[in-house]
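Using our numbering, read the sequence shown as starting at 2 and increasing by one per residue. Ideal Cβ placement from N, Cα and C applies to all residues, glycine included. This one's a predicted model, so the numbers in the text were calculated from it and none came from an experiment.
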Amino acid sequence: MIRIAASILSADFARLGEEVKAVTEAGVDWIHLDVMDGHFVPNLTIGPDVVRAVRRHTPLPLDTHLMIEHPERFVEAFAEAGSDYISIHVEVVADVLSVLQRIRELGKHPAVVVNPETPFERAVPFLEHADMLLIMSVHPGFAAQAFIQSTLHKIRSAAEFRARHGLAFLIEVDGGIKVHNAAQVAAAGADVLVSGSGIFATTDYAATIMQMRRQAELAARKAQWT
Ligand code: DX5
Ligand code: ZN
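Spelled out as structure tokens, the structure:
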């Protein structure tokens, strides 16, 4: 089953509640929230207060992607604000394992993230402790960038590794996913497709989400048969 996570980075922030409601009603599975600190990535976005505000507008899981230095200082605040998944980058944390364990203790799903240039192997030691691996398919920091094709092999490696080791972590892919390329991402082995501008820059959210899901599910099923 493919899950679609709408990244609110491309929503109209002045009408954020309405936008979250609209994508919820249009059929997305998760809401993806991009937290940026101006240090780890060259952009600033939202903090726990916005997560708390979004929480009031949807029953869907909140998938909080922390693109910040010292995530260990903030995981508690994001958990308390209503996040369900909390993702931390392997590039930024000295002791990834203890932050994942802290997220678990807080009753939330821990996830690890790798940037496009970070090899899959960097995430391997943490996969048995994480509920999800997030593979970046753009350089984090901004919405509406082009999907980096070379990340497809990393998705395949992750899916193979999971099968070989009997693990159950979800594989999420984030950046540049639109209706036209959802199939190749799903065929490579992704379970969760994050899409920001691919949804919010279209006029009919429900039609976009339906097409994206249909393309992705068909491709995932076909990949299983072959
Ligand atoms: C990039 C963010 C992504 C981004 C996705 O730094 O982590 O979640 O918002 O946006 P699109 O789908 O427009 O690439
Ligand atoms: Zn993201």
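In this structure, residue 196 has its CB at a distance of at least 7 Å from all heavy atoms of the ligand ZN.
Here DSSP, grouped into helix, strand and coil, assigns residue 126 to helix. Counted as a single uninterrupted DSSP element, the beta strand (DSSP E) harbouring residue 173 occupies residues 171-175. Secondary structure note for residue 35: its beta strand (DSSP E) is the uninterrupted segment 31-37. A distance below 7 Å between beta-carbons, with the five flanking residues on each side excluded, links residue 170 to the following residues of its chain, in chain order: 128, 131, 132, 133, 134, 163.
Going by beta carbons, residue 211 and residue 196 fall outside the 8 Å limit. A contact is defined here as three or more CB-CB pairs under 8 Å, and the stretch 13-33 meets this definition with respect to the stretch 49-61. For residue 146, the closest alpha carbon among the candidates 81, 177, 168, 75 is that of 177. Nearest in C-alpha terms to residue 5, of all of 36, 11, 31, is 31. Under the 10 Å beta carbon count, residue 151 is surrounded by fewer than 16 other beta carbons and is classified as exposed. A residue is called buried when at least 16 other Cβ atoms come within 10 angstroms of its Cβ; residue 223 does not meet this threshold and is exposed.
Of all alpha-carbon atoms in 55, 41, 37, the one lying nearest the alpha-carbon of residue 47 is that of 37.
Taking all protein chains shown into account, residue 209 has 16 or more neighbouring C-beta atoms within 10 Å of its C-beta and is therefore buried. Considering only 217, 98, 161, 144, the residue with the shortest C-alpha distance to residue 114 is 98.
Taking 8 Å as the cut-off, the Cβ atoms of residue 11 and residue 217 do not count as close.
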